[in-house]
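Peer 1: In full-length UniProt numbering, the protein residues as written are 1 to 256.
Every residue, glycine too, gets a C-beta built ideally from N, C-alpha and C.
Below is the structure:
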């Protein structure tokens with residue numbers, strides 16, 4: 001019975017994909033669009049964990065077909081071979097929620113000295129009529145909503161905590177802008193950034209990968225940099241401050 005139900009849902013989902021113009025909308029994790037949202041704004045999956053629950057909520061009056069997956073390293077990245085989402089495809093009734101199980105599939109090849117980045121994605125398509133009532137060859141327009149959050153795979157035994165790492169960013173002046181250097185094993189996502197006390201434009205959500213550097217032109221040529229990063233729970237770390245090294249380098253790179 002469960003297998004037959006799953007097959008019916010799959011056929012309905014595939015037919016909807018075939019005959020619909022999918023207008024995917026990437027939404028902020030903390031904000032539900034069309035009544036669809038996740039119960040967290042990011043996932044920290046530690047290497048010692050066997051699984052983790054992720055809850056999707058439907059606070060609207062429509063029923064949706066949900067397709068959930070983990071993507072490799074980019075918003076439009078391919079489906080990851082390192083994680084499984086169970087179930088990957090299901091029906092979410094109006095004013096209800098569903099608990100998905102996130103499981104590691106193959107993580108031995110992932111870096112053990114730093115975090116790895118993935119994206120957890122849930123695409124919701126209005127269910128419409130039941131398969132028995134839906135004409136086979138009738139085209140229609142469906143608005144698909146995609147909710148996506150970052151998933152960080154975190155190896156056990158890293159030499160410092162995330163809170164400590166968030167305060168160790170380094171800044172070096174460039175001919176144009178500032179070089180942001182992350183010498184830590186963590187992905188650090190900034191939420192607030194100030195150069196000499198003045199807020200830096202378009203800096204919210206700026207993410208620096210482990211042991212890497214990025215050039216930020218809008219940071220200007222200040223002498224002091226202050227910042228707050230997003231912590232493991234979606235809140236903010238304490239405010240950190242450091243001096244911008246006046247190197248005047250032409251290139252921005254991390255040197256281990």
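Looking at the unbroken alpha helix (DSSP H) that takes in residue 165, where does it start and where does it end?
Peer 2: The count along the chain shown starts at 1 and reaches residue 165 at position 165. Unbroken alpha helix (DSSP H) run through residue 165: 162-166.
Peer 1: With distances taken between CB atoms, is the gap from residue 237 to residue 171 smaller than 8 Å?
Peer 2: In the chain shown, the residue the question calls residue 237 occupies position 237. In the chain shown, the residue the question calls residue 171 occupies position 171. Against a cut-off of 8 Å, the Cβ pair of residue 171 and residue 237 comes out as no contact.
Peer 1: For the beta strand (DSSP E) that residue 72 lies in, which residues bound it at each end?
Peer 2: Stepping through the chain shown from its first residue, residue 72 is reached at position 72. Run containing residue 72: 64-72, per the beta strand (DSSP E) assignment.
Peer 1: Exposed or buried, which one is residue 256 when buried takes at least 16 other CB atoms within 10 Å?
Peer 2: Looking up residue 256 in the chain shown gives position 256. Counting Cβ neighbours within 10 Å, residue 256 comes out exposed, since fewer than 16 surround it.
Peer 1: What do you reckon, is the C-beta of residue 216 under 7 Å from a heavy atom of the ligand COA?
Peer 2: The ligand content of the structure shown is nil, which means the ligand COA is not present either.
Peer 1: Determine the burial state of residue 76: buried for a count of at least 16 other Cβ atoms within 10 Å of its Cβ, exposed for fewer.
Peer 2: On the chain shown, residue 76 is found 76 positions in, with the first residue counted as 1. With fewer than 16 Cβ atoms within 10 Å of its Cβ, residue 76 is classed as exposed.
Peer 1: Is residue 201 helix, strand or coil by DSSP?
Peer 2: Sequence index remark: in the chain shown, residue 201 carries index 201 (1-based). Collapsing the DSSP output to three states places residue 201 in coil.
Peer 1: Does the distance from the CB of residue 121 to the CB of residue 103 come in under 8 Å?
Peer 2: By 1-based counting over the chain shown, the position of residue 121 is 121. By 1-based counting over the chain shown, the position of residue 103 is 103. Not in contact: residue 121 and residue 103 (Cβ atoms no closer than 8 Å).
Peer 1: Spatial neighbours of residue 48 within its chain, please: C-beta separation below 8 Å, excluding the five flanking residues on both sides.
Peer 2: Indexing the chain shown from 1 puts residue 48 at position 48. For residue 48, where only same-chain residues beyond five positions count, the Cβ hits under 8 Å are 156.
Peer 1: Round the Cβ separation of residue 66 and residue 38 to the nearest angstrom and send it over; I've been treating them as touching at under 8 Å.
Peer 2: Start at 1 with the first residue of the chain shown, and residue 66 comes out as number 66. Start at 1 with the first residue of the chain shown, and residue 38 comes out as number 38. No, residue 66 and residue 38 are not in contact; Cβ-Cβ is about 11 Å, not under 8 Å.
Peer 1: Would you kindly work out how many angstroms separate the C-alpha atoms of residue 173 and residue 213, rounded to a whole number?
Peer 2: Mapped onto the chain shown, residue 173 falls at position 173. Mapped onto the chain shown, residue 213 falls at position 213. Approximately 12 Å, taken between the alpha carbons.
Peer 1: Please work out which residues of its chain come closer than 7 Å, Cβ to Cβ, to residue 191, disregarding the five sequence neighbours upstream and downstream, and give them in chain order.
Peer 2: Translated into the one-based positions of the chain shown, residue 191 becomes position 191. These residues qualify, in order along the chain: 204, 228, 229, 230, 236.
Peer 1: Quick one, which of 226, 83, 250, 252 has its alpha-carbon nearest residue 243's?
Peer 2: As a working note, residue 243 is residue 243 in the chain shown. When only C-alpha atoms are compared, the closest one is 226.
Peer 1: Should residue 101 go down as buried or exposed, given a rule of 16 or more other Cβ atoms within 10 Å for buried?
Peer 2: As a first step, residue 101 is located in the chain shown; it is residue number 101 there, counting from the start. Result: exposed.
Peer 1: Quick check: the region 77-85 against the region 102-118, are at least 3 beta-carbon pairs closer than 8 Å?
Peer 2: Three or more beta-carbon pairs drawn from the region 102-118 and the region 77-85 are found closer than 8 Å, and the two stretches are therefore classed as touching.
Peer 1: Counting C-beta neighbours from all protein chains within 10 Å, is the total for residue 74 16 or more, i.e. buried, or is it exposed?
Peer 2: In the chain shown, residue 74 corresponds to position 74, counting from 1. Looking at its Cβ environment, which holds fewer than 16 other Cβ atoms inside 10 Å, residue 74 is exposed.
Peer 1: If contacts are defined as beta-carbon pairs under 8 Å, then residue 211 and residue 146 qualify, I think. What distance do you get, rounded to the angstrom?
Peer 2: Along the chain shown, one-based indexing puts residue 211 at 211. Along the chain shown, one-based indexing puts residue 146 at 146. Wrong, their Cβ atoms sit about 31 Å apart, outside the cutoff.
Peer 1: Beta-carbon separation of residue 118 and residue 158 under 8 Å?
Peer 2: Looking up residue 118 in the chain shown gives position 118. Looking up residue 158 in the chain shown gives position 158. No; because the gap between Cβ atoms is not below 8 Å, this pair is not in contact.
Peer 1: Is residue 78 buried or exposed, if buried means 16 or more other CB atoms sit within 10 Å of its CB?
Peer 2: By 1-based counting over the chain shown, the position of residue 78 is 78. It counts as exposed.
Peer 1: So who's on the other strand from residue 212, going by DSSP bridges?
Peer 2: Sequence index remark: in the chain shown, residue 212 carries index 212 (1-based). When DSSP reads this structure, residue 212 sits in a beta bridge with 182.
Peer 1: For residue 44, collect the residues of the same chain with a Cβ closer than 7 Å to its Cβ; drop the 5 residues on either side in sequence, then sort them by chain order.
Peer 2: Here residue 44 corresponds to residue number 44 of the chain shown, with the count starting at 1. For residue 44, where only same-chain residues beyond five positions count, the Cβ hits under 7 Å are 152, 154, 232.
Peer 1: For residue 87, which of 56, 36, 194 has the nearest alpha-carbon?
Peer 2: As a first step, residue 87 must be located in the chain shown, where it is residue number 87. Ranking 56, 36, 194 by Cα distance to residue 87 puts 56 first.
Peer 1: What residues in its chain sit with their C-beta under 6 Å from that of residue 54, if we drop five residues either side in the sequence?
Peer 2: Within the chain shown, residue 54 is the residue found at index 54, counting from 1. Hits under 6 Å: 100, 102.
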